[in-house]
Structure formats: C-alpha cells, structure tokens
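Residues 1307 to 1558 (this note's numbering) are what the sequence shown spells out, left to right.
Glycine is no exception: its CB is placed at the ideal position from the N, C-alpha and C atoms.
Given the structure is predicted, the values throughout are model-derived calculations rather than measurements.
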Amino acid sequence: MPPAEPSAEPDAVPADHGTADRSGSGADGSTGVEDTLDLELTEELLALIAEGRSAGARAGAPGELLGDPGAWPPAATAAGEFALLPVRPERDLAVISRWMNDPAVAAFWELAGPESVTADHLRPQLEGDGRSIPCLGVLDGTPMSYWEIYRADLDPLARHYPARPHDTGVHLLIGGVNNRGRGVGTTLLRAVADLVLDNLPRCGRVVAEPDLRNTPSVSAFLSAGFRFSAEVDLPDKRAALMIRDRTYRAQL
C-alpha cells in the first residue's frame, strides 16, 4: 500500500484499508508473531486448512458468522453516540463512493473512481456468506465513517499470522476532514472493538493490519487499546498486526 499521508495527525486515522478481504496467498510473514508454534505448514496443508474453513463458513447462513451489527446497542463515547449500520447500496453507495474519492482515503483503499468501483468492492461482501459485513459508522445520527467487520480466521489474512477461531478483524475509514485529527478515530476504534467483544462472545481477539508506514493509523490503534503483535508481509503491503485481547481489555 502507499505510505501514509505525510500531514496526517497521530489519531486522525483518515483511512485504513486492510488487504484481508482481497488478498491471496503470499509469504507467511510470521516472524516475530507472539504465541507462534514451531510448526512448518506445507502449501498442501495450508490449502486444506483454507478449504476446511471455507466449507465451514459456507455451511452457515449469513448472519451466523458475525451476527447483525445493526442490532448491536449503540455505544456512548466521548465524541457522541455511535452505532454501526449495515450498508444498503441504494441508500449508502453515493456517500461511501465520495469518501473513497478523497485523496487521503484513496491512497490506502485504492477505490477512487465512479460509484461502480465502490459497488464492485461492496458486492462480494453483501452477496457473500456473512464473513465480512460492510457498515456505516453513525455518530449522533450522522454517517461519518465506513467499517468492515470480518472474520479474520476465515480470511486469507489467516495465512499470515497464527489465527485463532473467531478472531474478528476491522477495516475503517473516517469520512470528512472535520472528523480527523481530533481523536475521533481512536475513540471509535475502541468503541467498535468493545462492540465486537460485547456482542460476539466467542471472539477472544479483535485484529487489524494497517500499513506499517501509516504511523497515524498504528498510533490510533495503540491508543485504542490494541497492542502491536508483529510485522506481517501481505500481498500488497507490509502491515502492523494489531490485536486487542478480550482478556486485557479492562487494562488497556
């Protein structure tokens, strides 16, 4: 991924597009990852694991993997009342596409262009098995961010770190410069991680993989209670694997 916008402030989080829902296989990138077993996985075994995960996911109906973020209670934050609203293209495509064409966002998501580009990105998630759910982030009734809540353990990302069952990942972008550079990103990252842990009891960890060069994004995750676990090589970037553990959420 391209480097972070040089002028971005530490907690601005203008955009953080992880490659997890679009990436394929690549280097394992597991050097330095905590809790890694000394086990060499062959390509054949990795393929079998991936096939098994996919088959298990297909067996469940949409909504069984991640529930319904739209039914999760809103979070009271220092920035206001925040809620996740699952995307409906007929209602939300225009605003999401506008955000994708913001240069600060386009540098990371690489989805600038007509609305059809954003629609093509949303379609596999909306028509899939529910392993990734695109959402609007609504603050005090106003849509102001875009989120993807996804099952990291069922995603190609799982090939690049020691995934655990029910690991849940997040991608995000903050739309509009008025919501950047004043700590809103950090506040909402913590709120979304808490929403995931509160509403998905089998999820033990919330994970993210911002571009390692995106210092503002990495800083915001750290401030939101995530820990830096490792550097991982993904197909289109070297990423910082960030983890928020259920066990230590009260201390971070």
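Asked	Found
Any idea what DSSP makes of Leu1558, helix, strand or coil?	coil
Assuming Gly1491 and Ile1480 make a contact with CB atoms under 8 Å, what is their CB distance in whole Å?	6 Å
Is Leu1372 helix, strand or coil by DSSP?	coil
In terms of residue numbering, what span does the beta strand (DSSP E) encompassing Asp1539 cover?	Arg1533 to Leu1540
Tell me whether the beta-carbon of Pro1516 lies closer than 8 Å to the beta-carbon of Phe1527.	yes
With a threshold of 6 Å on Cβ separation, who are the neighbours of Ala1384 within its own chain once the five nearest residues in sequence on each side are excluded?	Thr1493
Using three-state DSSP, classify Pro1312 as helix, strand or coil.	Residue placement at Pro1312 is flagged as unreliable, the pLDDT there being 30, under the threshold of 50; the coordinate-derived value follows with that caveat. Reduced to three states, the DSSP call for Pro1312 is coil.
Reducing DSSP to helix, strand and coil, say where Thr1492 ends up.	helix
So Val1524 and Ala1546 are in contact, right, with Cβ under 8 Å, and what is the actual spacing, rounded?	5 Å
Looking at the secondary structure, which residues open and close the beta strand (DSSP E) in which Asp1551 lies?	Lys1543 to Asp1551
Ordered along the chain, which non-local residues of its own chain (more than five positions away) have a Cβ less than 8 Å from that of Thr1553?	Gly1510
Considering Cα atoms alone, identify which of Arg1465, Asp1374 and Ser1403 is closest to Leu1390.	Asp1374
In its own chain, which residues sit with a C-beta less than 7 Å from the C-beta of Ala1469, not counting the 5 before and 5 after it?	Ala1458 and Asp1459
Give the straight-line distance between the Cα atoms of Asn1407 and Val1401, rounded to the nearest whole angstrom.	10 Å
For Ala1410, which three-state DSSP category applies?	helix
Can you name, in chain order, every residue of its own chain whose Cβ lies under 7 Å from the Cβ of Glu1370, other than the five neighbours on each side?	Gly1436
Would Glu1537 and Leu1518 qualify as a contact pair, given that the criterion is a beta-carbon distance under 8 Å?	yes
With DSSP collapsed to three states, give me the class of Asp1517.	strand
Suppose the cutoff is 8 Å on Cβ atoms and the five residues either side in sequence are ignored; what does the same chain contact list for Pro1420 look like?	Ser1403
Suppose you measure from the CA of Leu1478 to the CA of Ala1412; what does that come to, to the nearest Å?	13 Å
Is the Cβ-Cβ distance between Phe1388 and Leu1442 less than 8 Å?	no
Assuming Ser1298 contacts Gln1431 (C-beta within less than 8 Å), just tell me the rounded distance between them.	The question about residue 1298 has no answer, for the chain in this structure spans 1307 to 1558.
Given Pro1449, which residues of its chain have a CB within under 8 Å of its CB, disregarding the five upstream and five downstream residues?	Leu1391, Asp1398, Val1401, Leu1442, Gly1443 and Gly1481
Please state whether the Cβ-Cβ distance between Val1483 and Ala1514 is less than 8 Å.	no
Under three-state DSSP, which class holds Pro1440?	strand
So for Arg1429, helix, strand or coil by DSSP?	helix
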